[in-house]
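Adding 2 to a residue's 1-based position in the sequence shown gives its number in the working numbering.
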Amino acid sequence: MENTKNKDKNKQTTCRLCGENGVNFWFEKNNNDVYKCPKCKLIFVHPIPNNMENIYSENYFCGANEGFGYINYDEDKNDESEEFKKYLDKIEKQYPDKGSLLDVGAATGSFMTAAKKRGWNVSGVEISDFAAETGRQKGLDIKTGILENCGYEKEYFDIITLWDVFEHISNPQSTLAHIKKILKPGGLIVMNLPDSDSLFARLMGKKWALIIPPEHLHLFSIHNLKILLERNQFSLISKDTIGKKFKLAYVFHALYTIRHKKIWRKISNLIKKTPLNNLSVLINLRDNMFVIAKKQ
Numbered sequence: 003m004e005n006t007k008n009k010d011k012n013k014q015t016t017c018r019l020c021g022e023n024g025v026n027f028w029f030e031k032n033n034n035d036v037y038k039c040p041k042c043k044l045i046f047v048h049p050i051p052n053n054m055e056n057i058y059s060e061n062y063f064c065g066a067n068e069g070f071g072y073i074n075y076d077e078d079k080n081d082e083s084e085e086f087k088k089y090l091d092k093i094e095k096q097y098p099d100k101g102s103l104l105d106v107g108a109a110t111g112s113f114m115t116a117a118k119k120r121g122w123n124v125s126g127v128e129i130s131d132f133a134a135e136t137g138r139q140k141g142l143d144i145k146t147g148i149l150e151n152c153g154y155e156k157e158y159f160d161i162i163t164l165w166d167v168f169e170h171i172s173n174p175q176s177t178l179a180h181i182k183k184i185l186k187p188g189g190l191i192v193m194n195l196p197d198s199d200s201l202f203a204r205l206m207g208k209k210w211a212l213i214i215p216p217e218h219l220h221l222f223s224i225h226n227l228k229i230l231l232e233r234n235q236f237s238l239i240s241k242d243t244i245g246k247k248f249k250l251a252y253v254f255h256a257l258y259t260i261r262h263k264k265i266w267r268k269i270s271n272l273i274k275k276t277p278l279n280n281l282s283v284l285i286n287l288r289d290n291m292f293v294i295a296k297k298q
């Protein structure tokens with residue numbers, strides 16, 4: 003009788019980006035099968051899990067203690083964060099005439115609030131009803147659902163942003179095609195996402211912390227992301243790396259999520275009860291990429 007390990011070795015699928023046939027199973031994580039295309043190097047989860055919206059419940063954004071999510075999203079991603087200021091500085095350098103901006107995966111609307119304060123006309127879409135409703139209570143225009151079902155007008159937005167979102171999307175091609183549809187000619191798509199070709203990612207291999215299914219479903223390099231962008235008539239303008247500040251308690255929570263050592267969770271819970279909870283640390287492993295592309 004063939005054992006499970008040998009069966010896993012025989013699993014194959016087709017690459018969702020380049021269409022390469024016979025992509026071999028790479029490894030299993032969190033009860034999900036992870037594949038890596040030998041041709042375009044896309045890392046992806048197959049099959050896509052059902053009921054993805056269930057992952058992004060209230061616990062994902064507030065009070066996470068086990069598994070994925072944030073201890074308190076609004077504390078980590080407040081509208082005064084240096085991270086969002088850097089994002090907006092880079093956007094406005096490329097597009098100084100402030101117009102309409104859509105934030106895809108808007109969560110509770112912290113970035114939308116930051117952009118609104120700087121004169122942008124902001125809208126958002128968010129798969130989590132809890133997060134979207136939290137944003138609406140702040141007076142923000144956030145629709146609940148996936149982008150393709152939100153009914154935005156053709157060629158309406160000047161800027162569309164996706165902050166740590168593109169890797170979560172079940173069908174990147176469909177989403178990017180729809181972004182092209184609702185973005186004005188010459189408009190920008192701007193996103194921050196993991197870089198699977200970064201030195202740190204390559205050194206870590208299967209142990210790279212950003213391979214976290216079912217939360218992260220597709221992990222791109224700048225090379226295969228450019229293929230997808232150009233397929234949808236976007237031209238790459240720039241690729242950069244921006245560090246992020248995280249609450250100290252969240253850093254230890256993330257370590258627990260990655261390594262499942264209870265000591266990290268205990269430290270995280272302890273920090274939350276002390277003044278150290280207000281301390282943030284800058285982290286830049288250079289395994290995320292900040293990308294700007296223009297609709298041709």
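Each residue gets a CB set at the ideal place from its N, CA and C atoms; glycine is no exception.
Under DSSP, the beta strand (DSSP E) around residue i begins and ends at which residues?
i, result
"Asp35", "Asn34 to Lys38"
"Leu103", "Ser102 to Val106"
"Ile93", "Looking at the DSSP string, Ile93 is not in any beta strand (DSSP E); the run it does join, the alpha helix (DSSP H), is Glu84 to Gln96."
"Ile129", "Here Ile129 belongs to no beta strand (DSSP E), and DSSP marks it neither H nor E."
"Ile239", "Phe236 to Asp242"
"Asn286", "Segment: none, Asn286 is in no beta strand (DSSP E) and carries neither H nor E."
Would you mind working out which of the options sits nearest residue i, comparing C-alpha positions?
i, options, result
"Leu104", "Pro51, Lys156 and Val253", "Lys156"
"Glu169", "Ala134, Ile224, Asp143 and Cys152", "Ile224"
"Asp91", "Asn53, Phe292, Asn12 and Asn33", "Phe292"
"Glu84", "Ile269, Ile244 and Asp289", "Ile244"
"Ala134", "Ser112, Asn151, Asp199 and Gly121", "Ser112"
"Tyr58", "Asp131, Lys87, Lys43 and Tyr97", "Asp131"
"Pro51", "Asp35, Leu164 and Cys42", "Asp35"
"Lys140", "Asp166, Thr110, Ala117 and Pro40", "Thr110"
"Val167", "Lys247, Leu287 and His218", "His218"
"Lys297", "Cys17, Gln235 and Lys208", "Gln235"
"Glu60", "Gly137, Leu238 and Asn151", "Gly137"
"Ala116", "Phe86, Tyr97 and Ser237", "Phe86"
"Lys95", "His48, Ile161, Val47 and Tyr154", "Ile161"
"Phe159", "Lys145, Gly188, Ser176 and Asn151", "Gly188"
"Pro98", "Asn271, Gly121, Cys64 and Val25", "Gly121"
"Pro174", "Arg233, Tyr89, Tyr62 and Leu238", "Arg233"
"Ser305", "Ser237, Asn290, Phe248 and Leu287", "Nothing can be reported for residue 305, as the shown portion of the chain is limited to 3 through 298."
"Leu149", "Asn12, Gly107 and Asn290", "Gly107"
"Ile273", "Leu287, Leu284 and Val253", "Val253"
"Ile129", "Cys39, Leu250, Met54 and Ile191", "Met54"
"Leu257", "Ile191, Ile45 and Lys209", "Lys209"
"Lys1", "Thr16, Ile191 and Gly153", "The structure shown does not extend to residue 1, since the chain spans only 3 to 298, so no value can be given for it."
"Pro49", "Pro40, Thr15, Cys20 and Arg288", "Thr15"
"Leu185", "Gly101, Tyr62, Asp289 and Ile144", "Gly101"
"Leu44", "Lys88, Ile144 and Arg204", "Arg204"
"Lys41", "Lys13, Gly24 and Val47", "Gly24"
"Leu19", "Ile294, Leu238 and Leu221", "Leu221"
"Tyr89", "Leu250, Lys246, Leu284 and Leu287", "Lys246"
"Asn290", "Gly207, Ser237 and Trp165", "Trp165"
"Ser237", "Lys275, Ala295, Leu287 and Leu142", "Ala295"
"Ala251", "Lys275, Leu230 and Asn26", "Lys275"
"Tyr37", "Asn286, Cys17 and Asn56", "Cys17"
For residue i, list the residues DSSP reports as bridge partners.
i, result
"Gly121", "Bridge partners of Gly121: none, in fact."
"Glu22", "Glu22 pairs with nothing; no bridge assigned."
"Ala251", "Answer is none; Ala251 lacks a bridge partner."
"Gln14", "Asn26"
"His220", "Phe46"
"Leu59", "The residue asked about is misnamed: residue 59 is Ser in this sequence, not Leu. The partner list for Ser59 (beta bridge, DSSP) is empty, contrary to what the question assumes."
"Lys297", "Phe236"
"Phe292", "Asn194 and Asp242"
"Ser282", "Lys249"
"Lys31", "Asn34"
What are the boundary residues of the alpha helix (DSSP H) that residue i is part of?
i, result
"Pro270", "According to the sequence shown, residue 270 is Ser rather than Pro. Counting along the chain, the alpha helix (DSSP H) containing Ser270 begins and ends at Lys264 to Ile273."
"Leu230", "Ile224 to Arg233"
Problem - At least three beta-carbon pairs within less than 8 Å, the stretch 177-188 to the stretch 262-273 - result: no
Exercise for the section: For the stretch 132-211, list the beta strand (DSSP E) runs that are entirely contained and at least 3 residues long, ordered along the chain. Expected result: Correct list: 144-146, 159-165 and 185-196.
Exercise for the section: Kindly confirm or deny that the stretch 181-201 and the stretch 125-132 touch, where touching means at least three C-beta pairs closer than 8 Å. Expected result: no
Handout entry: Inter-stretch contact (C-beta, 8 Å, three-pair minimum) for the stretch 216-232 and the stretch 279-290
Key = no
Handout entry: Touch test, the stretch 211-218 against the stretch 29-46, Cβ-Cβ under 8 Å, three pairs minimum
Key = With the cut-off at 8 Å, the stretch 211-218 and the stretch 29-46 touch.
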